[in-house]
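A.B. asks:
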Amino acid sequence: MGARAEGESRFDGLKWLLVVLLVAAGVTGNMYFADESLLYRVIALLVLAVVAGFIAVQTARGAAFFELLQGARTEIRKVVWPSRQEGTQTTLIVVAFVLIAALILWGLDTLLGWLASLVIG
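The numbering used here puts the first residue of the sequence shown at -10, with every later residue one more than the last.
1. Return the CA-CA distance between M(-10) and G2, expressed in angstroms with no decimal places.
2. Nearest-angstrom Cα distance between L81 and A61?
3. Can you tell me whether G102 is buried or exposed, with buried defined as 16 or more other CB within 10 angstroms of its CB?
4. Rounding to the nearest angstrom, what Cα-Cα distance links R30 and I89 in this structure?
5. Can you give me the start and stop residues for the alpha helix (DSSP H) that A23 sits inside?
6. Cβ of V83 within 8 Å of Cβ of I44?
7. My understanding is that L37 touches A14, with C-beta atoms under 8 Å, so please give their C-beta distance in whole angstroms.
8. Once the 5 residues before and after L11 are set aside, which same chain residues still bring their CB inside 8 Å of it?
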C-alpha cells in the first residue's frame, strides 16, 4: 500500500462511486419527477446533497477539502474589511480614473481618425 496517500482508505473509491451515483440519482430523479411539485424536488435534492456531502467528507480527499474550507473561513474572519466610507471613496476614485482614461482614449481615437482621414484624403 505504499502507493496510497497517507490516511487514504481502500474504501475511498467506493465512497466516491456512491457520491457520483447519488448525484446521478438526483439529476435523473429531478427529470423523471418533473411533473411533481418543485418544493418536493428541491427538498429531495437537498437531502441527496447533504448525504452525498457527508459521504464525501468521510474520504481522505473530502476531509482535506473540508479542512481547507475551514481554514479559508478562518482567514476571511482575519481580514480587516474597509469601512463604508472607505469603500465608497475608493469606488469613486476608480470611477473617476476610468472616466479620465476613457476621455483620453476617446481623444486619441478622434485624433488618429482625423490624421487617417488626412492621409487617405
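For every residue, glycine included, the Cβ atom is placed at its ideal position computed from N, Cα and C.
C.D. replies: Considering the structure as presented:
1. Note that M(-10) scores 45 on pLDDT, short of 50, meaning its location in the model is unreliable; the coordinates nonetheless yield the value given after this. Near 15 Å, if we compare the C-alpha coordinates of G2 and M(-10).
2. The C-alpha of L81 lies about 30 Å from the C-alpha of A61.
3. So G102 ends up on the exposed side.
4. Going from the Cα of R30 to the Cα of I89 covers about 52 Å.
5. Taken as a continuous stretch (DSSP letters only), A23 belongs to no alpha helix (DSSP H), as it is neither H nor E.
6. Their beta carbons are not under 8 Å apart, which means V83 does not touch I44 by this criterion.
7. Indeed, because the Cβ distance is near 7 Å, the residues count as touching under 8 Å.
8. Contacts found: L37, V40, A41, I44.
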